[in-house]
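Have a look at the structure below, then the notes.
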Amino acid sequence: MATYLSFPILEVLVKSVEDSPTSANVVKAAASGILSHYFPASNGFAIAPASQSQSQSQPSRDTLTLRIQRHRHGPGYSAPNPDRQELVDHIVTIAKADYDTETNEVEDLYTTLKDLENTLDHANTESGRCWGLMVYATTLTFYEYHRDSPEDRRLVFRGPYHVRCDDFVIDRELRYLARSDASFARDSGNK
């Protein structure tokens, strides 16, 4: 099965990120392009930037926070209910360029992860569960978010994966998320 790299525009965006991982605009464009490929409106998804009130953090020109939303009654949810047709957050994504020379990479990654967790804390979900994705320069890291878990155990991660070298893994993860219900039940033994 072809991955996002088989589409010329996405290949160009990935190459741009590899060439300029510190360019915020390049990273944001690549993240938006890849996500739009896997979560199209024709499949019931809406991709929208999170407002400052939704992300509860200071807006940054270097960071793009996106909410991938779907109707509650869309694929992966129970039968349509006219009283419950609002959008719910399916995936919250933060895209950020590589750190600059004025910051420490570990601190920058930690801050970006905390921004993602903070945004997930305010996500509009049915069950307090949601998917998270951190795009940090050339890497993607996937998260399961569980609001009811202890604070230091709310995020369960998979990755990081390199945008080119791990394209088959990223493709598999994004396809899985596109068809999955974020209100999955976590095994009670893992809480």
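Using our numbering, read the sequence shown as starting at 28 and increasing by one per residue.
C-beta: ideal position from N, C-alpha, C; glycine also.
Determine the closest residue to Arg4 out of Arg191, Glu200, Asp179, with distance taken between C-alpha atoms.
Lying outside 28 to 218, the shown extent of the chain, residue 4 is not represented and no answer is given.
Taking 6 Å as the limit between beta carbons, can you name the residues of its chain near Lys42, skipping five residues before and five after?
Excluding five sequence positions before and after Lys42, none of the CB atoms of its chain fall closer than 6 Å to its own CB.
Tell me whether Val115 sits in a helix, a strand or coil according to DSSP, three-state version.
strand
For Thr30, I'd like the list of residues in its chain whose CB is within less than 7 Å of its CB, leaving aside the five on either flank, ordered along the chain.
Asp194, Phe195, Asp198
Counting only runs of 4+ residues fully inside the segment 140-218, write out the alpha helix (DSSP H) ranges in chain order.
194-206
Pick from Asn52, Tyr188, Glu38, Ile74 that is closest to Met161, judged by C-alpha positions:
Tyr188
What residue does the beta strand (DSSP E) around Ala222 start on, and which one ends it?
For residue 222 there is no data in the structure shown, the boundaries of the chain being 28 and 218.
Any idea if Cys192 is buried or exposed, counting beta-carbon neighbours within 10 angstroms, 16 or more meaning buried?
exposed
The segment 169-177 in contact with the segment 129-138 per 3-pair CB rule at 8 Å
The segment 129-138 and the segment 169-177 do not touch, with fewer than three beta-carbon pairs separated by less than 8 Å.
Determine contact between the segment 63-70 and the segment 140-153, defined as no fewer than three beta-carbon pairs at a distance below 8 Å.
With the cut-off at 8 Å, the segment 63-70 and the segment 140-153 do not touch.
Looking at the strands, I want to know which residues DSSP matches up with Thr138.
According to DSSP, Thr138 bridges with nothing at all.
Go ahead and pull the three-state DSSP assignment for Ala29.
coil
So, is Ala205 buried or exposed, given that buried needs 16 or more other C-beta atoms within 10 angstroms?
buried
Could you tell me the distance, in whole angstroms, from the CA atom of Trp158 to the CA atom of His64?
17 Å
When you compare only the Cα positions, how much space is there between Phe34 and Thr165?
18 Å
At the level of alpha carbons, what is the spacing between His173 and Asn131?
29 Å
CA-CA distance, His149 and Leu37?
31 Å
According to DSSP, Ile121 sits in a beta bridge with which residue or residues?
Thr92, Met161
Compare the Cα-Cα distances from Thr92 to each of Asn145, Arg181, Tyr203, Glu171 and report the closest residue.
Asn145
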